[in-house]
Amino acid sequence: MNRHRSIVATLVVGGALIAGAPAATSASTGTPADPLGCTSEVFDPSALLDDRVDTAVEQAERSLGADVRVRAERSVDGGLDARIDQLVAQCDGWAAPDGELADDMVVVLFSEVEREASVYYGADLGPDLEYRWSDAVDDMTAEFPDDYSAGVVAALRTLRVGSFGSTSSPSLADTSSNASGPLIGLFVIGALIVLGVVSFVRWDGLEGHSWAGTYGDDDSSGGWSWSSGSSRRRSSFRSFGSSSRSRSSGSRRSSSSRGSRRAGGGTKKW
Numbered sequence: 001m002n003r004h005r006s007i008v009a010t011l012v013v014g015g016a017l018i019a020g021a022p023a024a025t026s027a028s029t030g031t032p033a034d035p036l037g038c039t040s041e042v043f044d045p046s047a048l049l050d051d052r053v054d055t056a057v058e059q060a061e062r063s064l065g066a067d068v069r070v071r072a073e074r075s076v077d078g079g080l081d082a083r084i085d086q087l088v089a090q091c092d093g094w095a096a097p098d099g100e101l102a103d104d105m106v107v108v109l110f111s112e113v114e115r116e117a118s119v120y121y122g123a124d125l126g127p128d129l130e131y132r133w134s135d136a137v138d139d140m141t142a143e144f145p146d147d148y149s150a151g152v153v154a155a156l157r158t159l160r161v162g163s164f165g166s167t168s169s170p171s172l173a174d175t176s177s178n179a180s181g182p183l184i185g186l187f188v189i190g191a192l193i194v195l196g197v198v199s200f201v202r203w204d205g206l207e208g209h210s211w212a213g214t215y216g217d218d219d220s221s222g223g224w225s226w227s228s229g230s231s232r233r234r235s236s237f238r239s240f241g242s243s244s245r246s247r248s249s250g251s252r253r254s255s256s257s258r259g260s261r262r263a264g265g266g267t268k269k270w
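Using my numbering, read the sequence shown as starting at 1 and increasing by one per residue.
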């Protein structure tokens with residue numbers, strides 16, 4: 001009887017080991033449960049990035065109130081545009097109801113193999129990042145390939161505060177310039193109006209009077225006179241506008257209307 005019990009116990013233990021074998025095999029092969037890295041804040045399979053990026057991600061999340069992801073991609077079929085489409089389609093929580101990137105997400109990607117860099121953002125971030133994403137990509141690639149971490153940190157900083165040297169986004173410097181332009185124009189117009197009024201009053205007071213002077217001995221023919229009446233001057237104003245150039249190249253998804261609440265972003269080669 002004891003022998004039968006021993007056989008049964010052996011079979012039970014053996015069955016448990018066999019049942020657990022697939023799980024052990026999966027763990028031993030290192031197959032990830034999340035092959036696309038959907039849940040990673042910083043997806044960096046090639047170990048290109050350091051701790052500076054983690055800190056910059058936290059700062060960007062607090063400043064923008066967004067779910068910020070950074071991805072150092074390897075070779076990607078179709079480029080980074082295809083990758084973001086794949087992530088939105090296959091990662092839980094990455095898609096908004098309209099099929100675009102989730103409203104509160106910001107994704108910074110680059111591929112050292114494809115030599116591409118991208119920034120994509122959801123609709124909630126559209127009013128701000130529509131004017132910053134292109135500069136953020138430029139600031140990122142300016143550091144590549146010497147320091148990938150510095151490039152990502154620079155991109156996240158530009159997304160937070162804008163780029164002061166930008167000609168394609170309304171940063172703080174642009175806002176100050178735009179505000180001072182109309183004030184200067186109004187001052188000039190006001191000064192000309194005052195001068196015009198003063199000139200009119202002076203000329204009007206001289207109506208009915210004449211001035212005469214002589215150049216030589218002949219008082220009648222060598223003199224000059226200012227006849228009575230008033231004259232008007234018409235001044236013409238030329239407006240000088242500053243043309244802006246965009247450093248953007250490559251694909252672009254952002255809306256062309258200013259401050260729109262739409263998902264957007266794009267990719268550039270470097």
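Note that the Cβ used here is the ideal one computed from N, Cα and C, for glycine as well. These figures come from a predicted structure and were not determined experimentally.
Would you kindly report the start and end of the unbroken beta strand (DSSP E) that includes residue i?
i, result
"Arg-69", "67 to 73"
"Thr-267", "264 to 269"
Taking its Cβ as the centre, do 16 or more other Cβ atoms sit within 10 Å of residue i, making it buried, or is it exposed?
i, result
"Gly-122", "buried"
"Asp-98", "exposed"
"Thr-55", "exposed"
"Arg-83", "buried"
"Gly-126", "buried"
"Ala-155", "buried"
"Ser-246", "Because Ser-246 sits at a pLDDT of 37, beneath the cut-off of 50, its placement in the model cannot be relied upon, and the following sentence gives the value as read from the coordinates. Classification for Ser-246: exposed."
"Thr-39", "exposed"
"Val-161", "exposed"
"Ala-33", "exposed"
"Ala-142", "exposed"
"Ala-66", "buried"
"Gly-151", "buried"
Considering residue i, what are the terminal residues of the alpha helix (DSSP H) in which it resides?
i, result
"Ser-63", "51 to 64"
"Arg-160", "148 to 161"
"Gly-126", "126 to 129"
"Ala-136", "133 to 141"
Using 8 Å as the threshold, is the C-beta distance between residue i and residue j below it?
i, j, result
"Asp-104", "Asp-124", "yes"
"Ala-60", "Val-68", "yes"
"Val-57", "Val-70", "yes"
"Gly-264", "Glu-130", "yes"
"Trp-270", "Ala-117", "yes"
"Leu-49", "Ser-149", "yes"
"Ala-136", "Val-119", "yes"
"Leu-36", "Val-106", "no"
"Ser-163", "Asp-139", "yes"
"Pro-145", "Glu-100", "no"
CB-CB under 7 Å to residue i, same chain, minus the five flanking residues each way: which ones, in chain order?
i, result
"Gly-79", "Glu-114, Glu-116, Thr-267"
"Val-76", "Ala-82, Arg-83, Ser-111, Glu-114"
"Gln-90", "Leu-36"
"Gly-93", "Ala-102"
Given residue i, which residues of its chain have a CB within under 6 Å of its CB, disregarding the five upstream and five downstream residues?
i, result
"Trp-133", "Val-119, Gly-265"
"Phe-43", "Gly-37, Arg-71"
"Phe-110", "Ala-117"
"Ala-96", "Ala-102, Asp-103"
Report task. With a floor of 3 residues, list each beta strand (DSSP E) that falls wholly inside the region 84 to 122, ordered by position along the chain. Result -> 105 to 111, 116 to 121
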